[in-house]
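*Asks:* Following this message is one structure expressed as structure tokens.
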Amino acid sequence: NAGVTQTPKFQVLKTGQSMTLQCAQDMNHNSMYWYRQDPGMGLRLIYYSASEGTTDKGEVPNGYNVSRLNKREFSLRLESAAPSQTSVYFCASSEIRVWGQPQHFGDGTRLSIL
Amino acid sequence: SQQGEEDPQALSIQEGENATMNCSYKTSINNLQWYRQNSGRGLVHLILIRSNEREKHSGRLRVTLDTSKKSSSLLITASRAADTASYFCATVSDEGGSQGNLIFGKGTKLSVKP
Numbered sequence: 045n046a047g048v049t050q051t052p053k054f055q056v057l058k059t060g061q062s063m064t065l066q067c068a069q070d071m072n073h074n075s076m077y078w079y080r081q082d083p084g085m086g087l088r089l090i091y092y093s094a095s096e097g098t099t100d101k102g103e104v105p106n107g108y109n110v111s112r113l114n115k116r117e118f119s120l121r122l123e124s125a126a127p128s129q130t131s132v133y134f135c136a137s138s139e140i141r142v143w144g145q146p147q148h149f150g151d152g153t154r155l156s157i158l
Numbered sequence: 045s046q047q048g049e050e051d052p053q054a055l056s057i058q059e060g061e062n063a064t065m066n067c068s069y070k071t072s073i074n075n076l077q078w079y080r081q082n083s084g085r086g087l088v089h090l091i092l093i094r095s096n097e098r099e100k101h102s103g104r105l106r107v108t109l110d111t112s113k114k115s116s117s118l119l120i121t122a123s124r125a126a127d128t129a130s131y132f133c134a135t136v137s138d139e140g141g142s143q144g145n146l147i148f149g150k151g152t153k154l155s156v157k158p
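Quick note, the sequences are listed as chains A and B, same order.
Just so you know, the first sequence maps onto residues 45 to 158 in the working numbering.
Just so you know, the second sequence maps onto residues 45 to 158 in the working numbering.
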């Protein structure tokens with residue numbers, strides 16, 4: 045029972061490089077989310093997908109793109125990485141996006157941009 | 045924009061003692077949730093309390109909600125070393141385009157010493 049799986053777990057990039065973070069859930073959830081976690085900042089929502097085929101911006105979408113590939117998979121892409129995007133990225137899912145359904149989180153991708 | 049703010053930022057106690065963490069928020073809410081994050085892992089949902097509830101229990105966890113003061117508290121009784129983690133409150137935004145999204149606080153870091 046894997047839940048939410050994120051790959052890779054760690055990554056180091058150079059400024060300007062591109063990268064896609066992968067996320068897959070096996071709970072048949074409709075909604076998926078991408079957050080970033082920075083020291084002292086809590087979690088901030090980057091993008092979300094309320095259902096297959098839809099995506100919407102969250103609080104901090106600049107510099108990112110997302111793709112909801114199918115019901116299971118939701119990827120996050122950095123087109124031209126910047127040092128300010130050094131962070132821990134978490135993917136989460138919930139049954140539906142209605143008034144704060146509890147979310148299930150992956151274990152994160154630790155991304156460093158030099 | 046952070047909705048919930050936890051207090052204290054850090055808490056250190058001995059095994060067997062009770063741990064109390066507080067969360068304050070700014071706007072009206074539909075529900076409030078508490079999550080735990082162990083070091084290097086993703087967040088795990090602990091408990092959800094709805095705006096029309098005042099108290100809720102789950103095992104050694106007790107959550108209270110005071111909507112008039114816009115505050116919640118999480119009590120962990122008879123703490124164990126395994127309770128060492130960061131604890132986050134999350135509220136559901138009812139504002140504009142972010143309606144329905146979870147807004148996380150910055151967390152309380154709990155250390156339980158054996």
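Note that the Cβ used here is the ideal one computed from N, Cα and C, for glycine as well.
In this text, all values refer to a predicted model and were calculated from it rather than measured experimentally.
(1) Is S123 (chain B) helix, strand or coil when you go by DSSP?
(2) In three-state DSSP terms, what is S124 (chain A)?
(3) Using a Cβ distance threshold of 8 Å, determine whether the region 54-63 of chain A contacts the region 73-89 of chain A, with at least three qualifying pairs required.
(4) Just list the residues that DSSP pairs R116 (chain A) with in beta bridges.
(5) What's the gap between the Cα of S62 (chain A) and the Cα of L120 (chain A)?
(6) Checking 8 Å against the spacing of the C-beta atoms, do R124 (chain B) and E59 (chain B) come in under that value?
(7) Below 8 Å on the Cβ atoms is my guess for S124 (chain A) versus S95 (chain A); work out the distance and round it to an integer in Å.
(8) Would you say N74 (chain B) reaches chain A, if we count a Cβ-Cβ gap shorter than 8 Å as a contact?
(9) Relative to the C-alpha of K162 (chain B), which residue among B:A63, B:A126 and B:D110 is closest?
(10) Considering only residues of the same chain and omitting the five flanking positions on each side of S111 (chain A), which have a CB-CB separation below 6 Å?
(11) Can you have a look at A46 (chain A) and say buried or exposed, based on whether 16 or more other CB atoms are within 10 angstroms of its CB?
(12) Using the three-state DSSP reduction, which class does Q20 (chain B) fall into: helix, strand or coil?
(13) Note down, in chain order, each residue of its chain lying with its Cβ closer than 6 Å to the Cβ of F148 (chain B), except the 5 sequence neighbours on either side.
(14) Could you tell me how far apart the beta carbons of R80 (chain A) and V104 (chain A) are, in whole angstroms, since I believe they sit closer than 8 Å?
*Replies:* Considering the structure as presented:
(1) Reading the second sequence from its first residue, position 79 is the one you call residue 123 (chain B). In this structure, S123 (chain B) counts as coil in the three-state DSSP scheme.
(2) Within the first sequence, numbered from 1, the residue matching residue 124 (chain A) stands at position 80. Note: S124 (chain A) maps to coil in three-state DSSP.
(3) When Cβ pairs closer than 8 Å are counted between the two stretches, the region 54-63 of chain A is seen not to touch the region 73-89 of chain A, the count staying below three.
(4) Taking the first residue of the first sequence as 1, we reach residue 116 (chain A) at position 72. Answer is none; R116 (chain A) lacks a bridge partner.
(5) The residue you call residue 62 (chain A) lines up with position 18 of the first sequence. The residue you call residue 120 (chain A) lines up with position 76 of the first sequence. S62 (chain A) and L120 (chain A): Cα-Cα distance of roughly 11 Å.
(6) Here residue 124 (chain B) corresponds to residue number 80 of the second sequence, with the count starting at 1. Here residue 59 (chain B) corresponds to residue number 15 of the second sequence, with the count starting at 1. Their beta carbons are under 8 Å apart, which means R124 (chain B) touches E59 (chain B) by this criterion.
(7) Sequence index remark: in the first sequence, residue 124 (chain A) carries index 80 (1-based). Sequence index remark: in the first sequence, residue 95 (chain A) carries index 51 (1-based). The Cβ separation is near 29 Å, so there is no contact.
(8) Within the second sequence, numbered from 1, the residue matching residue 74 (chain B) stands at position 30. With a threshold of 8 Å between beta carbons, N74 (chain B) makes contact with chain A.
(9) Residue 162 (chain B) is absent from the structure shown; chain B starts at 45 and stops at 158.
(10) Walking along the first sequence from the start, residue 111 (chain A) turns up at place 67. A distance below 6 Å between beta-carbons, with the five flanking residues on each side excluded, links S111 (chain A) to the following residues of its chain, in chain order: S119.
(11) Sequence index remark: in the first sequence, residue 46 (chain A) carries index 2 (1-based). So A46 (chain A) counts as exposed.
(12) As shown, chain B starts at 45 and ends at 158. That puts residue 20 (chain B) outside it, with no answer to give.
(13) Residue numbering aside, residue 148 (chain B) sits at position 104 when the second sequence is read from its first letter. Excluding positions up to five away in sequence, the list reads F132 and A134.
(14) Reading the first sequence from its first residue, position 36 is the one you call residue 80 (chain A). Reading the first sequence from its first residue, position 60 is the one you call residue 104 (chain A). About 7 Å separates the Cβ atoms of R80 (chain A) and V104 (chain A), confirming a contact at the 8 Å cut-off.
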